[in-house]
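Q: Numbering (my numbering), first residue to last: -11 to 193.
Here a beta-carbon is modelled for each residue, glycine too, at the ideal position from N, C-alpha and C.
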Amino acid sequence: MIVRLACCVFVLCAAAVARAGESAPYRPLSHRNDLWCGSTYWTGPDWTPVDATPAALRRGPSAIDAGALGGRPFSYVEVVQPVLDKHCLRCHGGEKIEANVDLSGKPEGGFTRSYLSLCRDKKLVPRFEMRNQIQVTRPGGTFGARGSRLMSLLRGGHEGVELSAAELGRLGAWIDLNAIFYGVYSPEAQARQLQGKTLPMPEIQ
Ligand code: HEC
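1) Going by the C-beta, is residue 87 closer than 8 Å to any heavy atom of the ligand NAP?
2) For residue 107, is the beta carbon positioned less than 8 Å from some heavy atom of the ligand HEC?
3) Could you tell me which residues DSSP puts in a beta bridge with residue 95?
4) Can you pull the DSSP bridge partners for residue 63?
5) Per DSSP, residue 85 forms a beta bridge with which residues?
6) Mark residue 169 as exposed unless 16 or more other C-beta atoms lie within 10 angstroms of its C-beta, in which case mark it buried.
7) For a cutoff of 9 Å on Cβ pairs, would you count residue 41 as touching chain B?
8) Check each candidate in 65, 110, 142 and name the one with the smallest Cα separation from residue 172.
9) At the level of alpha carbons, what is the spacing between residue 114 and residue 50?
10) Mapping DSSP to helix, strand and coil, what is residue 51?
11) Does DSSP put residue 56 in a helix, a strand or coil?
12) Which whole-angstrom value describes the C-beta separation of residue 139 and residue 163, a residue pair presumed to lie in contact below a C-beta threshold of 8 Å?
13) Where does residue -11 land, buried or exposed, given buried means 16+ other C-beta within 10 angstroms?
14) Quick check: does the Cβ of residue 147 come within less than 8 Å of any heavy atom belonging to the ligand HEC?
15) I'd like the list of long-range same chain contacts for residue 156, defined as Cβ closer than 8 Å, with 5 residues on each side in sequence excluded.
16) If you reduce the DSSP assignment to three classes, tell me which class residue 40 lands in.
17) Does DSSP classify residue 28 as helix, strand or coil?
18) Using 10 angstroms around the beta-carbon of residue 109, count the other beta-carbons present and answer buried if the total reaches 16, otherwise exposed.
19) With distances taken Cα to Cα, identify the nearest neighbour of residue 165 among 117, 47, 92.
20) Within a Cβ cutoff of 6 Å, which residues of the same chain sit near residue 210, ignoring the five residues on either side of it in sequence?
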């Protein structure tokens, strides 16, 4: 009861302040339904000057953009492997396999060698392993792409390898997606993704 009363007193004060502000060069006050007192009241001055139209209203709505990857189901072979093929294979998977890190796209056990190499170390590519569990994201940038040793290695100029922002973005997006391999569920669709084939989004989501 006391809380309700305090709420209503606050609302009345807010209304008085709001009315006092009506002469100031601010846009008209906005209404809001008060869930506690069940009445409609003035929320107070909106601090946007009258002649400033919010940026979002100064143009029409944006068309939905599928993005550089075309909005298809995610596929490690499609998104990540080309970056590794272009920049890493000469030292990690061709004749040489530096640091025992094989980054070739050869299929192995339903994945690729590169995927198994990168994911075997939880600090290199942090990810949650269990599905359907309560997962707590650790604070402080220790998780996801920000907490990944792979990203800091590559951003720090590993062996003179230079990745474009788009290529780094592919690796970062992959890790932030919990470093998944497949973006589809059915065995047939997964077999196609493993072969590097692209799949459209299902008609019904
Ligand atoms: C010119 C050769 C060369 C190229 C190109 C190269 N690497 Fe390396 N990489 C090395 C060498 C040498 C080591 C071992 C020494 C070290 O750890 O820096 C290494 C080590 C690594 C490691 C293990 C380090 C760790 O901290 O676990 C990873 C992961 C790695 N490379 C990823 C990559 C990726 C991804 C690319 C491509 C984007 C790449 N490398 C390109 C030479 C190369």
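A: Taking the coordinates as given:
1) The ligand NAP is not part of the structure shown, which contains the ligand HEC as its ligands.
2) Set against 8 Å, the gap from the CB of residue 107 to the closest heavy atom of the ligand HEC is not smaller.
3) 100.
4) Answer by DSSP bridge pairing, in chain order: 170.
5) DSSP output for residue 85 lists 80 as bridge partner(s).
6) Residue 169 is buried by the Cβ-count criterion.
7) In the structure shown, chain B cannot be found, because there is only a single protein chain.
8) Closest option to residue 172, Cα to Cα, is 65.
9) Residue 114 and residue 50 have their C-alpha atoms spaced approximately 34 Å apart.
10) In this structure, residue 51 counts as coil in the three-state DSSP scheme.
11) Reduced to three states, the DSSP call for residue 56 is coil.
12) Between residue 139 and residue 163, the beta carbon gap of about 7 Å places them in contact (Cβ cut-off 8 Å).
13) Its pLDDT being 42, under 50, residue -11 is placed unreliably by the model, and the measurement read from it follows with that caveat. Residue -11 comes out exposed.
14) True, at least one ligand heavy atom lies under 8 Å from that Cβ.
15) Excluding positions up to five away in sequence, the list reads 139, 142, 143.
16) Looking at residue 40 - three-state DSSP - the assignment turns out to be coil, as it is neither helix nor strand.
17) Legend: pLDDT at residue 28 = 47, less than 50; position of this residue unreliable, value from coordinates given subsequently. Strand.
18) Classification of residue 109: exposed, given that the 10 Å Cβ count is below 16.
19) Closest option to residue 165, Cα to Cα, is 117.
20) Limits of the chain in this structure are -11 at one end and 193 at the other, which puts residue 210 out of reach.
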